[in-house]
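Novice: The structure under discussion is supplied below as structure tokens; questions concerning it will follow.
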């Protein structure tokens, strides 16, 4: 099945449209704009709703147990469909009970699927889709209050590497130059932490 980034997701990932930071920018300007965006995301300071008790609106014990079971199953999952099912479950739980580390697992899951497709000759558009989703969830990770300087630096480097992955694995990607500039800008932002 062909999955392709929606225009909205592509604009968000490449910082066009509402997420825009301008087009004809120098690398230095891009660096500063991305640093501003990163600081704005960090300023959201979202709560980890998953950490609340069930009485306070958090997940039930059965959901917590299922998340643990799924994490255990991930260790032996080697089929694309198994990994995708684990990702889908985590993504659904994260929509209702967001948590930075769960968001990170979703981001990692999309990265894993992109790699599996690349290694197995998958379609470039679908590989770019999974990398794009990994980037978007990586950006969401920055919105949580429990980020530390180290987790921010790691996440920014993770995001930079996903832009680099797109450039390496998807030669037909529409805006490779922008992806390359964004990779450099996220590395610059990481150096600030």
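Numbering (the numbering used here), first residue to last: 3 to 195.
Here a beta-carbon is modelled for each residue, glycine too, at the ideal position from N, C-alpha and C.
On a predicted model such as this, the values are computed, not experimentally measured, just so you know.
Is the region 161-172 touching the region 112-120 in the sense that three or more CB pairs, one from each, lie closer than 8 Å?
Specialist: Taking 8 Å as the limit for Cβ pairs, the verdict is that the region 161-172 does touch the region 112-120.
Novice: Which of the three DSSP states, helix, strand or coil, is assigned to residue 5?
Specialist: For the purposes of this step, residue 5 is identified with residue 3 of the chain shown, where counting begins at 1. Of the three classes helix, strand and coil, the one that applies to residue 5 here is coil, per DSSP.
Novice: So, are the CB atoms of residue 37 and residue 145 less than 8 Å apart?
Specialist: Counting from one through the chain shown, the residue named residue 37 turns up at place 35. Counting from one through the chain shown, the residue named residue 145 turns up at place 143. For residue 37 and residue 145, no; Cβs fall outside 8 Å.
Novice: So what's residue 27 in DSSP terms, helix, strand or just coil?
Specialist: Indexing the chain shown from 1 puts residue 27 at position 25. Correct three-state label for residue 27: coil.
Novice: By Cβ distance below 6 Å, which residues in the same chain neighbour residue 55 in space, the five residues on each side in sequence not counted?
Specialist: Taking the first residue of the chain shown as position 1, residue 55 is located at position 53. Cβ neighbours of residue 55 beyond the five flanking positions: none.
Novice: Over what stretch of residues does the alpha helix (DSSP H) that includes residue 116 continue unbroken?
Specialist: Along the chain shown, read from residue 1 onward, the residue named residue 116 stands at position 114. Residue 116 -> alpha helix (DSSP H) spans 102-121.
Novice: What residue range is occupied by the uninterrupted alpha helix (DSSP H) comprising residue 143?
Specialist: Counting from 1 along the chain shown, the entry for residue 143 is found at position 141. Per DSSP, residue 143 belongs to the alpha helix (DSSP H) from 126-143.
Novice: Are residue 148 and residue 41 touching if we call contact CB-CB under 8 Å?
Specialist: In the chain shown, the residue the question calls residue 148 occupies position 146. In the chain shown, the residue the question calls residue 41 occupies position 39. No, the Cβ-Cβ distance between residue 148 and residue 41 is not below 8 Å.
Novice: With residue 151 as the anchor, note down where its alpha helix (DSSP H) starts and where it stops.
Specialist: Looking up residue 151 in the chain shown gives position 149. Here the alpha helix (DSSP H) through residue 151 covers 151-171.
Novice: Work out the CA separation of residue 160 and residue 26 for me, nearest whole Å.
Specialist: Stepping through the chain shown from its first residue, residue 26 is reached at position 24. Stepping through the chain shown from its first residue, residue 160 is reached at position 158. For residue 26 and residue 160, the distance between alpha carbons rounds to 25 Å.
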